[in-house]
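Here the structure is laid out as structure tokens; the discussion comes afterwards.
Residue numbers (our numbering), protein chains in the order written: chain A, 68 to 376; chain B, 193 to 321.
This is how it looks when you write it as structure tokens:
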């Protein structure tokens, strides 16, 4: 076996600089393929040594070492490119989401690698939502039929973005955002506001908000309906892009803070519900209070609910 | 996304190095040194892959799901146990077929060009039919 033969001095001397040269490449490459590359280099040296002795090995230095330098530098660049390529711009997010290829855990993966996108998860999700709204196909909803909403392009688009390895919390969040978007569409609004988020929370099957409302003796459907009625209907056509209101943006930021404070790894229903219901001077709080529902009590109940997912 | 759901057409054209690696692996499992030697023989010495180029290509092919590491190992007495063997995946096979079809189409187009027609060998009977 070749591995057991003593290495001629010229091969030993050649391998040392080649090993150093591999340090130019990324650590991930060295870990996985460093030894294999070096082993192949050694095999090339043996071939040359057998054919032409020391002179043969020397003649390999220039082509093999230059190849090593070029490839290791190229690999560094491609690592860098891979790390920053996908979601660095809204345009990319937008095009990815329109192609239904986007995976929500990309943000987390990049964050783990120390790359911050848009500053926070909330801002990232907000931009993602905005891009979805601009790129969505027109949707016509004539009645309050749930199945129509859930089978709409919006729902498909949102659910298609979640890969199978996503956590349930993330899927839950996407469902929630999809419901809120559908809610705004349903009442022909050109904005997505805090009340839409709350109605979406009341429609989240098996969610904490539903349970909390039921424990207060209220029907989630009824509460959602009341808020929907109070908001009234807009005049927007189905193709009009929907924008997040300033308040809604703040709510999403606040939800992220809640999640962080709760040491949660994702912005879940609890964090959003807490943010939505804590909003001071908002129409939602006013509507709930008028209907005899204490928002603070509702928050307590939602937070007290045992973890479901 | 599962690789089976990907369109092999999206992966072509391939670089000569990648194309030849896939071509060699279409015959079965090979280790790095064997791939390098076979490519050299196949191309009559015109394409010489150096170690870093070869393993960088292999790395990207593995990441893209075109090839995978094989557990099949020959007799240790006959082989260096440090070697890693690679084989083509189903998706990799589809990609190499797509690339061959693309090259065939290019050749057909080239044969229709007046300036090249006389310089290119005529298609064989099998090719013509």
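Quick reminder that beta carbons are idealized off the backbone N, C-alpha and C, glycines included.
Check: Beta-carbon within less than 8 Å of residue 78(A)'s beta-carbon, same chain only, minus the 5 sequence neighbours each way: which residues are those?; Outcome: 109, 112, 113, 116, 124
Check: When Cβ atoms are compared, which residues of the region 117-140 of chain A fall closer than 7 Å to chain B?; Outcome: 130, 131, 134, 135, 138, 139
Check: Sorted by chain position, which residues of the same chain lie with C-beta nearer than 6 Å to residue 263(A)'s C-beta, five sequence neighbours on each side aside?; Outcome: 247, 250, 251
Check: With DSSP as the reference, label residue 255(A) as helix, strand or coil.; Outcome: coil
Check: According to DSSP, which residues form a beta bridge with residue 222(B)?; Outcome: 278(B)
Check: Taking C-beta pairs closer than 7 Å, name the residues in chain B that residue 104(A) reaches, listed in chain order.; Outcome: 243, 244, 247
Check: Run through DSSP, which three-state label would residue 230(A) get?; Outcome: For residue 230(A), the pLDDT reaches just 39, beneath the cut-off of 50, and the residue's location in the model is therefore unreliable, although a value from the coordinates is still provided. In the structure shown, residue 230(A) sits in coil (DSSP, three-state: anything other than H, G, I, E or B).
Check: Residues in its own chain within less than 6 Å of residue 357(B) by CB, not counting five upstream and five downstream?; Outcome: In the structure displayed, chain B extends from 193 to 321; residue 357(B) sits before or after that span and is not available.
Check: Is the CB of residue 108(A) under 8 Å away from at least one CB in chain B?; Outcome: yes
Check: Who are the Cβ neighbours of residue 135(B) in its own chain at under 8 Å, not counting the five residues just before and after it?; Outcome: As shown, chain B starts at 193 and ends at 321. That puts residue 135(B) outside it, with no answer to give.
Check: Along the region 226-239 of chain B, where does the CB come closer than 8 Å to a CB of chain A? Name the residues.; Outcome: 228
Check: Under 8 Å, with one C-beta from each stretch per pair, do the region 318-326 of chain A and the region 340-348 of chain A reach the 3-pair mark?; Outcome: yes
Check: Scan the region 76-121 of chain A and note each continuous alpha helix (DSSP H) run of 4 residues or more that stays entirely inside, going in chain order.; Outcome: 76-89
Check: For a contact meaning CB atoms closer than 7 Å, what does residue 212(B) contact in chain A?; Outcome: Within chain A, no residue comes near residue 212(B); the closest Cβ sits about 16 Å away, beyond 7 Å.
Check: Residue range of the alpha helix (DSSP H) that residue 377(A) falls in?; Outcome: A question about residue 377(A) goes unanswered here, because the residues of chain A that appear run from 68 up to 376.
Check: Any beta carbon from chain B within less than 8 Å of residue 99(A)'s own beta carbon?; Outcome: yes
Check: Which residue marks the beginning of the beta strand (DSSP E) containing residue 262(B), and which one marks its end?; Outcome: 259-262
Check: Could you pull out every residue in the same chain whose Cβ sits closer than 8 Å to the Cβ of residue 314(A), ignoring the five residues on either side in sequence?; Outcome: 260, 261, 346, 349
Check: For residue 311(A), which three-state DSSP category applies?; Outcome: strand
Check: Would you tell me roughly how many angstroms separate the C-alpha atoms of residue 310(B) and residue 234(B), rounded to the nearest one?; Outcome: 26 Å
Check: With distances taken between CB atoms, is the gap from residue 298(A) to residue 268(A) smaller than 8 Å?; Outcome: no
Check: Are any of the Cβ atoms in chain A nearer than 8 Å to that of residue 257(B)?; Outcome: no
Check: Using a C-beta cutoff of 8 Å, does residue 80(A) count as contacting chain B?; Outcome: no
Check: Under a three-way DSSP split, which group does residue 161(A) fall into?; Outcome: Here the model assigns residue 161(A) a pLDDT of 37, short of 50, so the residue's position is not dependable, and the following value carries that caveat. In the structure shown, residue 161(A) sits in a helix (DSSP, three-state: H, G or I).
Check: Which residues in the same chain as residue 254(A) place their Cβ atom closer than 8 Å to its Cβ, once the five residues preceding and following it in sequence are excluded?; Outcome: 295, 298, 299, 300, 301
Check: Find out if the Cβ-Cβ distance for the pair residue 340(A), residue 369(A) is shorter than 8 Å.; Outcome: yes
Check: Taking 8 Å as the cut-off, does the region 217-228 of chain B touch the region 79-93 of chain A (at least 3 CB pairs, one atom from each stretch)?; Outcome: no
Check: Taking the alpha carbon of residue 257(B) as the point to measure from, which residue in 265(B), 243(B), 281(B) has its own alpha carbon closest?; Outcome: 281(B)
Check: Are the Cβ atoms of residue 259(B) and residue 279(B) separated by less than 8 Å?; Outcome: yes
Check: When we look at the beta-carbon of residue 297(B) and count the other beta-carbons within 10 Å, is it buried (16 or more) or exposed?; Outcome: exposed
Check: Indicate whether residue 275(B) and residue 131(A) have their beta-carbon atoms separated by less than 8 Å.; Outcome: no
Check: What's the gap between the Cα of residue 351(A) and the Cα of residue 320(A)?; Outcome: 18 Å
Check: Work out the CA separation of residue 199(B) and residue 236(B) for me, nearest whole Å.; Outcome: 32 Å
Check: Report buried or exposed for residue 205(B), applying the criterion of at least 16 other Cβ atoms within 10 angstroms of its Cβ.; Outcome: exposed
Check: Check the C-beta distance from residue 247(B) over to residue 261(B) and give it rounded, since I have them as a contact under 8 Å.; Outcome: Contact doesn't hold; Cβ gap of about 12 Å is too wide.
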